[in-house]
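**Q** Numbering (our numbering), first residue to last: 1 to 330. Pasting a structure here, questions to come.
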């Protein structure tokens with residue numbers, strides 16, 4: 001799929017960007033060019049040590065911010081596929097710095113779309129989050145706006161051969177800033193802070209997140225929001241898996257946090273289809289024939305009123321399963 005292609009990853013020095021880089025270079029060593037685009041020069045410097053130019057002549061490191069349309073447009077020159085992973089992601093930091101979150105997550109999304117339409121890019125996959133579904137915090141609201149922008153971008157592509165799609169998933173296990181590395185660090189102090197004992201979250205591994213992005217790159221027709229079928233966990237079970245001997249101290253939820261996360265609301269059910277491994281939320285006005293899409297993917301419309309929440313999930317990870325996953329992936 002990616003052989004001979006040029007790919008750019010915004011936010012490419014983040015957890016998923018690094019996993020994407022490793023996977024792409026392993027599966028498609030003959031990619032024409034893989035561009036790592038991010039504004040963090042230190043992370044770029046460190047990542048470049050892992051991929052020295054003499055061993056990986058097809059990888060490029062490009063300093064730039066998604067807020068900078070001119071820089072993005074230059075970076076997209078000669079690129080076939082774009083994976084948009086750059087975002088401001090910490091809920092409480094976004095609550096305190098709302099204008100900065102808007103500039104990166106909404107204005108940055110607009111810039112990615114404009115740069116892609118001004119170049120010869122043929123496929124853009126944007127990363128979303130469960131917090132974009134029925135958002136109660138600014139981070140989720142900006143990512144919902146971003147999702148809407150990428151879905152609607154298919155309506156303004158004109159005659160250009162380009163598709164925009166979105167992948168939405170829950171907490172990525174062991175990613176930067178996530179609960180598992182946080183708990184492992186706090187374990188040394190003997191106290192694990194529990195926000196709320198009822199709290200649940202979806203869980204996906206970095207490897208499965210990468211598979212989902214690659215699936216969207218290959219299969220998207222344009223305008224879809226792909227949602228994986230993944231397990232949930234209870235925050236108390238994570239604490240038990242990591243530090244059973246620690247004090248589990250209830251500290252209360254932080255600004256903008258939910259007790260449970262959703263990825264599909266009941267309002268989405270009227271355009272949500274089951275594809276087997278994934279759900280997909282289709283645009284209300286697709287730019288292709290809906291009947292053809294349903295037939296091609298053997299897609300089945302979900303029951304009206306269907307919703308997908310981490311608290312109501314049929315699949316919950318046990319403490320032992322969590323412990324095994326943590327030992328394996330973290």
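Beta carbons: idealized from backbone N, C-alpha and C, even for Gly.
I need the DSSP call for residue 47, collapsed to helix, strand or coil.
**A** On the chain shown, residue 47 is found 47 positions in, with the first residue counted as 1. Helix.
**Q** Whole angstroms is fine: what's the gap from residue 77's alpha carbon to residue 201's?
**A** Taking the chain shown and counting its residues from 1, the one referred to as residue 77 is at position 77. Taking the chain shown and counting its residues from 1, the one referred to as residue 201 is at position 201. Cα to Cα, the separation comes out at about 39 angstroms.
**Q** I need the straight-line Cα distance from residue 224 to residue 189, nearest angstrom please.
**A** The count along the chain shown starts at 1 and reaches residue 224 at position 224. The count along the chain shown starts at 1 and reaches residue 189 at position 189. Their backbone Cα atoms lie some 44 angstroms apart in a straight line.
**Q** For residue 92, which of 170, 30, 255 has the nearest alpha-carbon?
**A** Start at 1 with the first residue of the chain shown, and residue 92 comes out as number 92. For residue 92, the closest alpha carbon among the candidates 170, 30, 255 is that of 255.
**Q** Checking the sheet assignment: what are the DSSP bridge partners for residue 301?
**A** To locate residue 301, count along the chain shown from 1; it is residue 301. Here residue 301 is bridged, per DSSP, to 273.
**Q** Should the region 65-82 be called in touch with the region 20-28, which here means at least 3 C-beta pairs below 8 angstroms?
**A** no
**Q** Do residue 19 and residue 206 count as a contact pair if the criterion is CB distance below 8 angstroms?
**A** For this step, residue 206 is matched to residue 206 along the chain shown. For this step, residue 19 is matched to residue 19 along the chain shown. Against a cut-off of 8 angstroms, the Cβ pair of residue 19 and residue 206 comes out as a contact.
**Q** Quick one: what's residue 228 bridged to in DSSP?
**A** As a position in the chain shown, residue 228 is number 228, starting the count at 1. In DSSP, residue 228 forms a bridge with 278.
**Q** Got a sec: is the Cβ-Cβ distance from residue 162 to anything in chain C below 8 angstroms?
**A** Checking the listed chains, one finds no chain C in this structure; it contains a single protein chain.
**Q** Rounded to the nearest angstrom, what separates residue 55 and residue 45 at their Cα positions?
**A** The count along the chain shown starts at 1 and reaches residue 55 at position 55. The count along the chain shown starts at 1 and reaches residue 45 at position 45. Their Cα atoms are separated by approximately 16 angstroms.
**Q** Count the other CB atoms, across all protein chains shown, that sit within 10 Å of the CB of residue 315; report buried if there are 16 or more and exposed otherwise.
**A** Position 315 of the chain shown, counted from the first residue, corresponds to residue 315. By the 10 Å Cβ count, residue 315 comes out exposed.
**Q** The alpha helix (DSSP H) spanning residue 39 covers which residue range?
**A** On the chain shown, residue 39 is found 39 positions in, with the first residue counted as 1. Careful: residue 39 lies outside any alpha helix (DSSP H) and carries neither H nor E.
**Q** Could you tell me whether the Cβ atoms of residue 35 and residue 79 are closer together than 8 angstroms?
**A** In the chain shown, the residue the question calls residue 35 occupies position 35. In the chain shown, the residue the question calls residue 79 occupies position 79. Cβ atoms of residue 35 and residue 79: closer than 8 angstroms.
**Q** Just to confirm my understanding: we take residue 41, look at its own chain, exclude 5 residues before and 5 after, and list those with CB closer than 7 angstroms. What are they?
**A** As a first step, residue 41 is located in the chain shown; it is residue number 41 there, counting from the start. Cβ neighbours of residue 41 beyond the five flanking positions: 63.
**Q** Return the first residue and the last residue of the alpha helix (DSSP H) that residue 96 is part of.
**A** On the chain shown, residue 96 is found 96 positions in, with the first residue counted as 1. Taken as a continuous stretch (DSSP letters only), the alpha helix (DSSP H) holding residue 96 covers 91-96.
**Q** How big is the Cα-Cα spacing for residue 90 and residue 136?
**A** For the purposes of this step, residue 90 is taken as the residue at position 90 of the chain shown. For the purposes of this step, residue 136 is taken as the residue at position 136 of the chain shown. Answer to the nearest angstrom: the Cα atoms are 14 angstroms apart.
**Q** For residue 31, which beta-bridge partners are listed by DSSP?
**A** Working through the chain shown from its first residue, we reach residue 31 at position 31. Residue 31 pairs with nothing; no bridge assigned.
**Q** Please state the DSSP three-state secondary structure of residue 8.
**A** Against the chain shown, residue 8 aligns to sequence position 8. Correct three-state label for residue 8: strand.
**Q** So, helix, strand or coil for residue 3, using DSSP?
**A** For this step, residue 3 is matched to residue 3 along the chain shown. Coil at residue 3, not helix or strand.
**Q** Can you tell me whether DSSP reads residue 126 as helix, strand or coil?
**A** Taking the chain shown and counting its residues from 1, one reaches residue 126 at position 126. Shown here, residue 126 sits in a strand according to DSSP, grouped into three states.
**Q** Per DSSP, residue 146 forms a beta bridge with which residues?
**A** The count along the chain shown starts at 1 and reaches residue 146 at position 146. Answer is none; residue 146 lacks a bridge partner.
**Q** At the level of alpha carbons, what is the spacing between residue 227 and residue 263?
**A** By 1-based counting over the chain shown, the position of residue 227 is 227. By 1-based counting over the chain shown, the position of residue 263 is 263. Whole-angstrom Cα-Cα distance: 7 angstroms.
**Q** Does the separation of the CB atoms of residue 331 and residue 86 fall below 8 angstroms?
**A** Past the boundaries of the shown model lies residue 331; the chain is included only from 1 to 330, so the question cannot be answered.
**Q** Do residue 242 and residue 169 count as a contact pair if the criterion is CB distance below 8 angstroms?
**A** For the purposes of this step, residue 169 is taken as the residue at position 169 of the chain shown. For the purposes of this step, residue 242 is taken as the residue at position 242 of the chain shown. For the pair residue 169 and residue 242, the CB atoms are not nearer than the 8 angstroms cut-off.
**Q** Locate the alpha helix (DSSP H) running through residue 199, then write down its first and last residues.
**A** Within the chain shown, the letter at position 199 stands for residue 199. Run containing residue 199: none; DSSP gives neither H nor E here.
**Q** Can you find at least 3 beta carbon pairs, one from the region 174-187 and one from the region 129-145, that sit closer than 8 angstroms?
**A** Contact between the region 174-187 and the region 129-145 is absent, because fewer than three Cβ pairs lie under 8 angstroms.
**Q** Starting from residue 335 and walking both ways along the alpha helix (DSSP H), at which residues does that stretch end?
**A** Because the chain here runs from 1 to 330, residue 335 falls outside it and cannot be looked at.
**Q** Buried or exposed for residue 250, please, with buried defined as at least 16 other CB atoms from any protein chain shown within 10 angstroms of its CB.
**A** The residue you call residue 250 lines up with position 250 of the chain shown. Exposed, because fewer than 16 other Cβ atoms sit within 10 Å of the Cβ of residue 250.
**Q** Near residue 258, which residues of its chain fall below 7 angstroms by C-beta distance, leaving aside the five closest residues on each side in sequence?
**A** Start at 1 with the first residue of the chain shown, and residue 258 comes out as number 258. Cβ within range, chain order: 136.
**Q** Please state the DSSP three-state secondary structure of residue 267.
**A** The residue labelled residue 267 in the question sits at position 267 within the chain shown. Collapsing the DSSP output to three states places residue 267 in a helix.
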